[in-house]
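Chains as they are written, first to last, in the working numbering: chain A, -14 to 436; chain B, -14 to 436.
2 protein chains.
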Amino acid sequence: MAKSQTSHETQDQLHTFLHALDSGAFDEIRRMLRGMSPAEIAKLIESSPLRARNLLWQLIDKEDEGEVLQYVNEELAAYFLRHRNTEDILSLVEGFDADDFADLLQELPHAVMRQVLDSLDDQNRYRIETILAYPEDTAGGLMDTDIITIRPDISLDVVLRYLRRHESLPDTTDNLHVVNRTGQFVGILPLTKLLIKDPGMSVREAMNSAKAIPATTSARDVAQMFEREDLVTAPVVDDNGVLLGRITIDDVVDVILEGADHSLMSMAGMDEDEDTFAPVWKTTRRRAVWLGINLLTAFLASYMIGLFEGTLEKVVALAVLMPIVASMGGIAGNQTLTLVIRGMALGHVGTANARWLLTKEISVGFLNGILWSAVVGAIAATWFNDLLLGGVLAAAMIINLLVAALAGASLPMLLDKAGIDPALSGGVILTTVTDVVGFCSFLGLATLYYA
Amino acid sequence: MAKSQTSHETQDQLHTFLHALDSGAFDEIRRMLRGMSPAEIAKLIESSPLRARNLLWQLIDKEDEGEVLQYVNEELAAYFLRHRNTEDILSLVEGFDADDFADLLQELPHAVMRQVLDSLDDQNRYRIETILAYPEDTAGGLMDTDIITIRPDISLDVVLRYLRRHESLPDTTDNLHVVNRTGQFVGILPLTKLLIKDPGMSVREAMNSAKAIPATTSARDVAQMFEREDLVTAPVVDDNGVLLGRITIDDVVDVILEGADHSLMSMAGMDEDEDTFAPVWKTTRRRAVWLGINLLTAFLASYMIGLFEGTLEKVVALAVLMPIVASMGGIAGNQTLTLVIRGMALGHVGTANARWLLTKEISVGFLNGILWSAVVGAIAATWFNDLLLGGVLAAAMIINLLVAALAGASLPMLLDKAGIDPALSGGVILTTVTDVVGFCSFLGLATLYYA
C-alpha cells in the first residue's frame, strides 16, 4: 500500500535529485521520476531552482508530461509550453478540466491562445469560451463545463440506463443536474439518491433543491459559501438561471489558499504569485520597489526627529530612548491591524461592528498603555536617574499605543472603502503613523519640559 | 432560487440585528432568524460581540439549535453547551459527524465528556473512542467513522441491492470502501463506476486501488496530500492496514484555513484561535505578554545606542538618521522571513534547497543594499552637508541589509530544527537582530570616523 508523502520525504527526494543533477546522472533521474506520481513530480519541480526545473521537465517521459502539467501552477505550466506549437499544446492539455485549461490559456500569449482556441472542435471551443467570458476570479471563471444534465420528468430507471451508456463520468461527479426545457437549473439528483430510491420514482420527486451560484459571484464569496455550507460541488447559472457548469471543491481550495496567502504575503509587500525560486534580478527588482516606499516613510520619521535637534543636543538620553516609543506603537498597532484584516477577509468584520471593534481595541490599547508605560517609565527614570525623563517617556507611550489602536482598527476599513488593498498598504501607513506620533510625542513633550 | 450570500449581505444583516437587539425587538429577531439557514445564523453569531451572541443563541428556535451548533466553531459550541445536561447535549449533537462530535467533546470539561460518552450506545461509543484515541491534529483525529464497507468477491449487482436497503447514505459518499475478511483496506469502488459498469462484474474487477492514509499522519501532511492529489475523500487505516474511517474534504479545508491563519496571526504574536470579539480584559492580557517580549528587545536596542552616547553628543545628526538603517533592515529581513516561512508551510523549502535559497536572498540583499544605500547616502550627505556622514550611513545600510537577508533566510529553519514555531518567534528575533546590527554598525562606524 502506498503511503502518504510527507514534506520531509519531498525534501529527501529533492536532495537526491539536486545531487544527481549536479553529477549529470540523468538516466538515474529518469528512472527515479518513473517511480513517482505526476503530483509528486510536480511538487518536486515547484521546489527546485530554475535551472533544475528546466532539466527535470526535459527528463520526464513524454507521455507523462500532460499529467505533470496538470499539477504545477499555471505560470510554470505556461512557461514550459512557451515554445511548443499548437498541436503539441493541445495534446498535452487533453486531460485538463475545462476550467484549468481556460486558466492556462489566459497565461499564454494572446496569439497562441487564439490559435489553440481555433483548432478546438465546436463543442469544446464553446465550453472554453463560456468560461473565458467571465473573469478568472468569479464563479464563471472557476466553473467546469463538463457536467451531466437530466430532465425532471423522466424516471430514475431511465437515468440509470442513460448512465450505463457512458464510458466514464466526469471526475468528482456527486450529483446529476436537473434542468428544464430551456436549460434553466431546477435541482440536483445526488448519485446516492439514485442508488437507494425506487427506480420507478420520477427525477422531480427524488431530486433535492439546491442553491445555484450566479456566474458573476466573486471567487471570494464562492469560497465562503463552500466553507460555510460544507459543499463539494455547486451549480453555476447565468442571469436567466440557465445552468452553465459547476464548481468543484478542488478549485475552491486553491481560491482559499490564494486568499490566505494574499494576506500573509501582502503584509510583507509581496504578492501571492511571488516565486521562492525566481531568479535573483527579478526578485531584487520587485523588492526594491517596496524598500523604496518604506524609505520614504523612514525619511519622514527622520525629518520629524530633525525638528527636535536642539532638544536632542541638550538631552542625549532622548536619542537612546526614542526608538522604544516608536517600536512599541508599531508592534501594538500591527496586532490590531492583522486582526482586523483577517476579520475582514473572513467576513466577520465590517461597517456593522466597526464602532464596537474600535472601542474595544482602543480600550485594550489604553490598558496596555497604562501597564507598560509604568514599567518603561520606571526603568528609564532609574537608568538615567531622571524622574522627569521617565514621566515623559511613559506619557508618550500611552499616547502612541492609543493612536496605534485607533490607526490599526480604522485603517483597514478606510483603505477598503477607498478601494486600496489594506493587507498591502496598511502596514506601511500604520508604521508611518506610529513612528511619527511616537517620535513627535516623546521629543515634543521633552521639549516642553526641558526647554 | 436562493442566491449565495455575500459578506456584504452578512454585514447588512448584522446591522439590522444589532439595532433590533438594542431596541429589544426580540419577536422581530425571532422571525428574521426563522428565514435564515443554520449556516447563516452561525456566521451571524460568530460576527457578533459577546452579549449579542448570548441573546441570539437564546432567540433561536429550540429545534434549530442543533443545526446551528454544527456550523459555529468548537470553542463557541462548547461555550453554549456549558450549562446543559447530558441528555440535552446528546439531543443537540444528534446530526453531528462523528469527527465533529469528537472535536466538540474535547472542548467540554472532562467530567461532562465522560458522562456523554457513557450514555452513548456501544456502537456509537466505540466509534467516537476510535477517533479520540488519536490526537486532534492527526488523520485519526480528522476522520469520520461512518462509512460503508463491502467485500471484494461479491458482484456489483449484490452491492446495488445492498445499497437499496439503506434509508440514506452518509453525506459526501463518493466511494464505497472495499475491505478483506480481516477488515484490511484493499481499494475503493467509486459510485460512478457502480453506476456505469456491468452489474455482473465483481467488486474486485471494478474497484480502484487508492492510497490509504495512516491514522498517525499529521493533519498538515493530510492537507498537503488532498491539495496535491485533488482528493475529495480518503480512507484512513491503522498500523496493520485495517480500515478505521475516512477523511472528507470539508474537514481538510478547515485544516488548510487554520494553517494559513496560523502563519498570519503568529507573525503578529497572536494565535489562530484569537477571537476578534473576545472581551477587553482577555484580549488585553494576551496582547500584554507579546508587548512585554517586544519591550525586552526594544530595551536591548536602547542599551546598544546608549553605548555610543558620547558620539551622539558630538554629532546629533546621527540620532536623526539612525532609525533609517534599523527600519530598512527590518523591512527587508521581514520579506525574506515571510517568504521562507510560507515556503516551509507549503513544503517547498527545506534542508535540500536551504543553501541555494540563502545564497539567493543574500545576493538580493546585497544588490538592494548597493542601490538604496547610494540613494540614502546621497540624500543624507546633502541634507547635513557632510559627505562623511553619507558614506557612514550607506556602509551601515549595506551591512544591515546583508545581515537581514542572512537572518531572514536562516532563522525559520534554525528555529524549526530547535522545535520553536518560526512564525511566532521569527519576527521578534529578526527585529532584534536588525535593530541591534543597524544601530551598532551605524553608530560604531561613526565613532571610528568622528573620534
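Glycine included, C-beta positions come from ideal geometry on N, C-alpha and C. From a predicted model like this one, the values you see are computed outputs, not experimental measurements.
Out of A:Glu79, A:Val388, A:Ser251 and A:Gly362, the CA that lies nearest to the CA of leucine 374 of chain A is found in A:Gly362. Between valine 53 of chain B and glutamate 31 of chain B, the C-beta gap is not smaller than 8 Å, which leaves the two residues out of contact. Aspartate 88 of chain A and valine 222 of chain A have their C-alpha atoms roughly 19 Å apart.
In this structure aspartate 85 of chain A does not touch glutamine 108 of chain A by the C-beta definition: roughly 18 Å separates them, more than the 8 Å allowed. In the DSSP assignment, glycine 277 of chain B falls within the alpha helix (DSSP H) that extends over 265 to 291. Burial check for proline 308 of chain A: the Cβ neighbour count within 10 Å reaches 16 or more, so the residue is buried. By the beta-carbon neighbour count (other beta carbons within 10 angstroms, threshold 16), glutamine 320 of chain A is buried.
Using a Cβ-Cβ distance cut-off of 8 Å, the stretch 220 to 237 of chain B and the stretch 124 to 133 of chain B are in contact, since at least three pairs of beta carbons, one from each stretch, lie closer than that value. Close partners of tyrosine 119 of chain B in chain A (Cβ separation under 9 Å) are lacking, with about 15 Å as the shortest Cβ gap.
Rounded to whole angstroms, serine 248 of chain A and glycine 318 of chain B show a C-alpha spacing of 18 Å.
At least 8 Å separates the CB of aspartate 106 of chain A from every CB of chain B. DSSP places serine 187 of chain A within a strand segment (E or B) once states are collapsed to three.
Nearest to phenylalanine 427 of chain A by C-alpha distance, out of A:Ser358, A:Val217 and A:Ala283, is A:Ser358. Listed as beta-bridge partners of asparagine 109 of chain A by DSSP are no residues whatsoever. Asparagine 160 of chain B: not part of any alpha helix (DSSP H); member of the beta strand (DSSP E) spanning 160 to 164, first to last residue.
Secondary structure of arginine 231 of chain A (DSSP, three-state): strand. Under the 10 Å beta carbon count, arginine 36 of chain B is surrounded by fewer than 16 other beta carbons and is classified as exposed. If you check the CB distance, valine 265 of chain B and serine 348 of chain A come in under 8 Å. About 6 Å separates the beta carbon of lysine 28 of chain B from that of arginine 213 of chain A, a gap short enough to meet the 8 Å contact definition. Residue contact with chain A for glutamate 31 of chain B: present (Cβ-Cβ distance below 8 Å to some residue of chain A). The beta carbon of leucine 93 of chain A sits closer than 6 Å to those of Ala63, all from its chain and outside the five residues before and after it, given in chain order. Per the C-alpha coordinates, the member of B:Ile290, B:Leu145, B:Leu228 and B:Arg110 positioned closest to glycine 172 of chain B is B:Leu228. Per DSSP, the beta bridge partners of glycine 172 of chain A are A:Val163. Under the criterion of beta carbons closer than 8 Å, alanine 392 of chain A and valine 418 of chain A qualify as touching, at roughly 5 Å. Looking at the DSSP output, serine 8 of chain A shares a beta bridge with no other residue. Aspartate 235 of chain A is not a Cβ neighbour of aspartate 256 of chain B, given a cutoff of 8 Å. Neighbours of threonine 269 of chain B across chain A, judged by C-beta separation under 7 Å: Val349, Leu352 and Asn353.
CA-CA distance, glycine 254 of chain A to leucine 409 of chain A, rounds to 6 Å. Rounded to whole angstroms, the Cβ separation of threonine 282 of chain B and aspartate 371 of chain B is 31 Å, and the two are not in contact under 8 Å. Threonine 261 of chain A has its alpha-carbon roughly 50 Å from the corresponding atom of aspartate 183 of chain B.
Using a Cβ-Cβ distance cut-off of 8 Å, the stretch 136 to 143 of chain B and the stretch 174 to 188 of chain B are in contact, since at least three pairs of beta carbons, one from each stretch, lie closer than that value. Annotation: histidine 0 of chain A to arginine 150 of chain A spans about 48 Å, alpha carbon to alpha carbon. Cβ proximity to chain B below 7 Å picks out Ser312, Met313, Ile316, Ala317, Asn319, Gln320, Thr323, Leu324, Arg327 and Gly328 from the stretch 312 to 328 of chain A. For isoleucine 135 of chain B, the secondary structure class from DSSP, reduced to helix, strand or coil, is strand. When DSSP states are grouped into helix, strand and coil, serine 426 of chain A belongs to the helix group. Neighbourhood of histidine 333 of chain B in chain A, by CB distance below 7 Å: Glu31, Ser32 and Thr261, in chain order.
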